[in-house]
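Participant: Residue numbers (our numbering), protein chains in the order written: chain V, 1 to 185; chain C, 186 to 370; chain B, 371 to 555; chain U, 556 to 740.
Structure provided below as structure tokens; questions to follow.
4 protein chains.
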Amino acid sequence: MAKILVLYHSLSDCTSEMAALVAEGAKSTGDMDVRLVSVAEATAEDMLWCDGVAVGSPTHIGTVSWQLKKYFDQDLIDHWGKIDGKFGCAFSTSGGWGGGAELTCQTITNMLMNYGFLVFGVVDYVSRNHTLHYGAINAKAPRESYAKKASHRLGQRLAEWLAVYVDGKKESHPLITRTEIVPAE
Amino acid sequence: MAKILVLYHSLSDCTSEMAALVAEGAKSTGDMDVRLVSVAEATAEDMLWCDGVAVGSPTHIGTVSWQLKKYFDQDLIDHWGKIDGKFGCAFSTSGGWGGGAELTCQTITNMLMNYGFLVFGVVDYVSRNHTLHYGAINAKAPRESYAKKASHRLGQRLAEWLAVYVDGKKESHPLITRTEIVPAE
Amino acid sequence: MAKILVLYHSLSDCTSEMAALVAEGAKSTGDMDVRLVSVAEATAEDMLWCDGVAVGSPTHIGTVSWQLKKYFDQDLIDHWGKIDGKFGCAFSTSGGWGGGAELTCQTITNMLMNYGFLVFGVVDYVSRNHTLHYGAINAKAPRESYAKKASHRLGQRLAEWLAVYVDGKKESHPLITRTEIVPAE
Amino acid sequence: MAKILVLYHSLSDCTSEMAALVAEGAKSTGDMDVRLVSVAEATAEDMLWCDGVAVGSPTHIGTVSWQLKKYFDQDLIDHWGKIDGKFGCAFSTSGGWGGGAELTCQTITNMLMNYGFLVFGVVDYVSRNHTLHYGAINAKAPRESYAKKASHRLGQRLAEWLAVYVDGKKESHPLITRTEIVPAE
Chain V
1 MAKILVLYHS LSDCTSEMAA LVAEGAKSTG DMDVRLVSVA EATAEDMLWC
51 DGVAVGSPTH IGTVSWQLKK YFDQDLIDHW GKIDGKFGCA FSTSGGWGGG
101 AELTCQTITN MLMNYGFLVF GVVDYVSRNH TLHYGAINAK APRESYAKKA
151 SHRLGQRLAE WLAVYVDGKK ESHPLITRTE IVPAE
Chain C
186 MAKILVLYHS LSDCTSEMAA LVAEGAKSTG DMDVRLVSVA EATAEDMLWC
236 DGVAVGSPTH IGTVSWQLKK YFDQDLIDHW GKIDGKFGCA FSTSGGWGGG
286 AELTCQTITN MLMNYGFLVF GVVDYVSRNH TLHYGAINAK APRESYAKKA
336 SHRLGQRLAE WLAVYVDGKK ESHPLITRTE IVPAE
Chain B
371 MAKILVLYHS LSDCTSEMAA LVAEGAKSTG DMDVRLVSVA EATAEDMLWC
421 DGVAVGSPTH IGTVSWQLKK YFDQDLIDHW GKIDGKFGCA FSTSGGWGGG
471 AELTCQTITN MLMNYGFLVF GVVDYVSRNH TLHYGAINAK APRESYAKKA
521 SHRLGQRLAE WLAVYVDGKK ESHPLITRTE IVPAE
Chain U
556 MAKILVLYHS LSDCTSEMAA LVAEGAKSTG DMDVRLVSVA EATAEDMLWC
606 DGVAVGSPTH IGTVSWQLKK YFDQDLIDHW GKIDGKFGCA FSTSGGWGGG
656 AELTCQTITN MLMNYGFLVF GVVDYVSRNH TLHYGAINAK APRESYAKKA
706 SHRLGQRLAE WLAVYVDGKK ESHPLITRTE IVPAE
């Protein structure tokens, strides 16, 4: 049973709502141990514990918040070079579409790559006009159907990759289980 | 009278629709000479001619299309190091929000920086949930009101910066002319 | 026995030299099937065949060359959504340090993420002042000791992750086999 | 007489050494008012004061340090939307080449674009193998000749663009004053 950490910073609860949905998606495959932790409560141990992580931040000035960054710069730094090979992905909310949420996800996956993680986005569309190729993103809180699906799908995909690559369950591969990439709607 | 080039590649007409709106925005201030040129017809001379450029590409596999890139790699390469100091910005359409349009704009502004250009995004929101902080982006063709405004605003802002910095009209500065950053709606 | 593709575009042979070294590194663990293919000769079948890929491009105007991009835009596009879950990494040469090779690697890993790949960089330093956190990079041809090591290490790490995650050989994990992160020199 | 702010965060003095060199370059044209301020001492007023800024950060985990980010997230946030149109550029030191300094510069210029700044890199090479296309970068402290030149050139170019675009001195344009792009060495 692989272990998933959903680690996030949230200021106005938009990102914490996403985080809860990501955690739900991570649990949806039924065979993952999932921890949902805000960066204010997180310790290095949380990251050591997990096999895979979804990291979320509000988009502040086009990239991760300083509060999230501080965790990677300070709390986790003694473990740099000792936790390679975990899996990781990103999510972010911004004030508006075009406001930098993709760039924030890019910074997060860059941070995870720096720690030696294998990172991914998701090919699937969650509505005709919404996808999460570089991580789940949304404008403001994830209240729309597509927004909920995007966060949920990110957690689900993380669970699927861990099932395949950590737990050795090849039948969990999305190429086998996925029924559609772009929903008919 | 400063000169603006709107240069774009389009495969399915989504980006060419944006380009037309960007050109309209560039003309809206009334004192710019504007050329709208697809990359298939563009020559190096177009770039030499202009004081500022808005460059658009469809988001293909999360970044600029090879057709647009070819123009910068081949057609323009003899002028590298000889056209520094122009102004530039970016726009892109993708299949869906979260599909990489911000990353495409980032690649475009990186390409322009490589040629020595000064690049910018736009602070303004064009609806409560839509902005163009790193360039104008949209999911599919720009048919919605916010999508039209985003493209238009990009061209307008380019015209404003050229008015201020090339034509020396300080009264055209958006901090003076702009009435609102986030529309009341 | 997992399968590794080293796919590259090269104009002045700098990137093809890197590619040969990456392929050598990929073979160094002794249990991988390795193909070294230039993008001019590559077909979609090469990508379908592999479990993991190292993709290399010269840094042209701060990002991937149009020739490499064309392969991902055209040759491979029919397989989008059908090849998720492979592993990938990047390498690039540029005219000089600070010339955009990291940005090129970033574009390449973004392209691979778009196709559903799990991507990574390498934590290890190959000399006191050289590492490959986002892919192996170099200024011009990889003739220096550190440059050769960087390319070699990238291929080796790809082989190690495939050994661990595709072939299920947990003893190949770099956290077990790696003796040092920063060489004493 | 235009005003230049060199704003930086430094932990081990590598970035502060760069900052001093950037400030020196900014003064080298003889007609700029230059402030050199560490982020610990900086207030929002510093940014309001300047016409152009060079922002420096150590590369921590592949992007800006949390300390620098905090300034942009908190200290400056009340002025978002009120300081558009300034000019900006970036510099960074990392532990090694390939360690993310280009990505850090990219994050910095993204942050500046978010505040409505016009950002740039430098076309010039400072040695056969070193340039600063996306900002000045170095592995560790800038002690080598090329490293000193890169920081110096960044400040100089910022001064030149401000001379041209803010002070209206067209004769200061690098296309006029620059004697070579790649030094003969």
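Beta carbons are placed, not taken as given, at the ideal position from N, Cα and C, and that holds for glycine.
All figures in this text were calculated on a predicted structure; none of them were measured in a lab.
#1: Does DSSP classify V:Asn-129 as helix, strand or coil?
#2: Would DSSP call U:His-564 helix, strand or coil?
#3: With a threshold of 16 other CB atoms inside 10 Å of the CB of V:Asp-31, please say whether the residue is buried or exposed.
#4: Thinking just about the alpha-carbon of each residue, which of C:Tyr-310, C:Ser-277, C:Ala-321 and C:Lys-267 is nearest to the one in C:Glu-365?
#5: Mind listing the chain U neighbours of V:Asp-73? Cutoff is C-beta to C-beta under 9 Å, in chain order.
#6: Tell me whether V:His-133 counts as near the ligand ADP, meaning its Cβ is closer than 7 Å to at least one heavy atom of that ligand.
#7: Got a sec: is the Cβ-Cβ distance from V:Lys-140 to anything in chain U below 8 Å?
#8: With distances taken Cα to Cα, identify the nearest neighbour of U:Thr-732 among U:Trp-716, U:Ala-739 and U:Asp-722.
#9: Can the beta-carbon of V:Gly-25 be found closer than 8 Å to that of V:Leu-154?
#10: In this structure, does DSSP put V:Ser-145 in helix, strand or coil?
#11: Can you pull the chain D neighbours of U:Ala-705, defined as C-beta to C-beta under 8 Å?
#12: Below 8 Å CB to CB, which residues in the same chain sit around U:Ser-682 once its five sequence neighbours on both sides are set aside?
#13: If you pair each beta-carbon of the region 162–174 of chain V with each one of the region 289–307 of chain C, do three or more pairs fall below 8 Å?
#14: Use the C-beta contact count for U:Thr-659: other C-beta atoms within 10 angstroms, 16 or more gives buried, fewer gives exposed.
#15: U:Thr-614 to U:Gly-650, Cα distance in whole Å?
#16: Which of the three DSSP states, helix, strand or coil, is assigned to C:Ile-268?
#17: From the DSSP output, in three-state form, read off V:Thr-179 for me.
#18: Using a threshold of 8 Å, state whether the C-beta atoms of U:Val-561 and U:Leu-603 are closer than that.
#19: Apart from the five residues on each side of it in sequence, which residues of its chain come closer than 6 Å, Cβ to Cβ, to V:Thr-29?
#20: Residue range of the beta strand (DSSP E) that U:Ile-692 falls in?
#21: Are B:Leu-391 and B:Pro-544 close, meaning C-beta to C-beta below 8 Å?
#22: Taking the C-alpha atoms as reference points, what is the distance between U:Ser-727 and U:Ala-557?
#23: Going by DSSP, what residues sit across from V:Thr-63 in a beta bridge?
#24: Report yes if the C-beta distance between U:Ala-578 and U:Val-589 is below 8 Å; otherwise report no.
#25: Measure from the C-beta of U:Lys-625 to each C-beta in chain V and report whether the shortest distance is under 8 Å.
#26: In three-state DSSP terms, what is U:Thr-662?
#27: For V:Ser-10 versus U:Asp-628, is the C-beta spacing smaller than 8 Å?
#28: Just to confirm my understanding: we take V:His-152, look at its own chain, exclude 5 residues before and 5 after, and list those with CB closer than 8 Å. What are they?
#29: Can the beta-carbon of C:Gly-285 be found less than 8 Å from the beta-carbon of C:Gly-247?
#30: Leaving out five residues before and five after V:Val-55 in sequence, what residues of the same chain have Cβ atoms less than 6 Å from its Cβ?
Facilitator: The relevant details are as follows:
#1: Taking the first sequence and counting its residues from 1, one reaches residue 129 of chain V at position 129. Note: V:Asn-129 maps to coil in three-state DSSP.
#2: The residue you call residue 564 of chain U lines up with position 9 of the fourth sequence. Three-state result, U:His-564: coil.
#3: Against the first sequence, residue 31 of chain V aligns to sequence position 31. By the neighbour-count rule (16 or more Cβ atoms within 10 Å), V:Asp-31 is not buried but exposed.
#4: Your numbering for residue 365 of chain C matches position 180 in the second sequence. Of C:Tyr-310, C:Ser-277, C:Ala-321 and C:Lys-267, the residue nearest in Cα terms is C:Tyr-310.
#5: As a first step, residue 73 of chain V must be located in the first sequence, where it is residue number 73. Chain U residues near V:Asp-73: His-615, Ile-616, Ser-620, Trp-621 and Gln-622.
#6: Of ligands this structure carries none, so the ligand ADP is not represented either.
#7: Numbered from 1 along the first sequence, position 140 holds the residue referred to as residue 140 of chain V. Answer no: the Cβ-Cβ gap between V:Lys-140 and chain U never drops below 8 Å.
#8: Position 177 of the fourth sequence, counted from the start, is the residue given in the question as residue 732 of chain U. Residue U:Trp-716 is the option with its Cα nearest to U:Thr-732.
#9: Position 25 of the first sequence, counting from 1, holds the residue named residue 25 of chain V. Position 154 of the first sequence, counting from 1, holds the residue named residue 154 of chain V. It is a contact, given that the beta carbons lie within the stated cut-off.
#10: In the first sequence, residue 145 of chain V corresponds to position 145, counting from 1. Helix, per DSSP.
#11: Among the protein chains in the structure shown, which are V, C, B and U, there is no chain D.
#12: Here residue 682 of chain U refers to the residue found at position 127 of the fourth sequence. Hits under 8 Å: Ser-700, Tyr-701, Lys-704, Pro-738 and Glu-740.
#13: No, they do not touch.
#14: Position 104 of the fourth sequence, counted from the first residue, corresponds to residue 659 of chain U. Classification for U:Thr-659: buried.
#15: By 1-based counting over the fourth sequence, the position of residue 614 of chain U is 59. By 1-based counting over the fourth sequence, the position of residue 650 of chain U is 95. Those two C-alpha atoms are separated by around 8 Å.
#16: Within the second sequence, residue 268 of chain C is the residue found at index 83, counting from 1. Of the three classes helix, strand and coil, the one that applies to C:Ile-268 here is coil, per DSSP.
#17: Numbered from its first residue, the first sequence carries residue 179 of chain V at position 179. Of the three classes helix, strand and coil, the one that applies to V:Thr-179 here is coil, per DSSP.
#18: Sequence index remark: in the fourth sequence, residue 561 of chain U carries index 6 (1-based). Sequence index remark: in the fourth sequence, residue 603 of chain U carries index 48 (1-based). No, these two residues do not count as a Cβ contact at 8 Å.
#19: Counting from one through the first sequence, the residue named residue 29 of chain V turns up at place 29. Spatial neighbours of V:Thr-29 in its own chain (CB-CB distance under 6 Å, excluding positions within 5 residues in sequence) are listed in chain order as Ala-159.
#20: As a position in the fourth sequence, residue 692 of chain U is number 137, starting the count at 1. In this chain, the beta strand (DSSP E) harbouring U:Ile-692 covers 691–694.
#21: As a working mapping, residue 391 of chain B is identified with position 21 in the third sequence. As a working mapping, residue 544 of chain B is identified with position 174 in the third sequence. Cβ atoms of B:Leu-391 and B:Pro-544: not closer than 8 Å.
#22: Walking along the fourth sequence from the start, residue 727 of chain U turns up at place 172. Walking along the fourth sequence from the start, residue 557 of chain U turns up at place 2. Cα to Cα, U:Ser-727 sits roughly 13 Å from U:Ala-557.
#23: On the first sequence, position 63 is the one that residue 63 of chain V refers to. Beta-bridge analysis with DSSP links V:Thr-63 to V:His-60.
#24: Translated into the one-based positions of the fourth sequence, residue 578 of chain U becomes position 23. Translated into the one-based positions of the fourth sequence, residue 589 of chain U becomes position 34. Against a cut-off of 8 Å, the Cβ pair of U:Val-589 and U:Ala-578 comes out as a contact.
#25: Residue 625 of chain U sits at position 70 when you count from the first residue of the fourth sequence. Taking Cβ atoms only, chain V reaches closer than 8 Å to U:Lys-625, which makes this a yes.
#26: In the fourth sequence, the residue the question calls residue 662 of chain U occupies position 107. Assignment of U:Thr-662 by DSSP, reduced to helix, strand and coil, places it in the helix class.
#27: On the first sequence, residue 10 of chain V is found 10 positions in, with the first residue counted as 1. On the fourth sequence, residue 628 of chain U is found 73 positions in, with the first residue counted as 1. A distance of 8 Å or more separates the beta carbons of V:Ser-10 and U:Asp-628.
#28: Position 152 of the first sequence holds residue 152 of chain V. Within the same chain, and ignoring the five residues on either side of V:His-152 in sequence, the residues whose Cβ sits closer than 8 Å to its Cβ are Leu-21, Val-22, Glu-24, Gly-25 and Ser-28.
#29: Residue numbering aside, residue 285 of chain C sits at position 100 when the second sequence is read from its first letter. Residue numbering aside, residue 247 of chain C sits at position 62 when the second sequence is read from its first letter. The beta carbons of C:Gly-285 and C:Gly-247 sit closer together than 8 Å.
#30: Indexing the first sequence from 1 puts residue 55 of chain V at position 55. Annotation for V:Val-55: Leu-7, Ala-90 and Ile-108 place their beta carbon closer than 6 Å to its own, counting only its chain and skipping 5 residues before and after.
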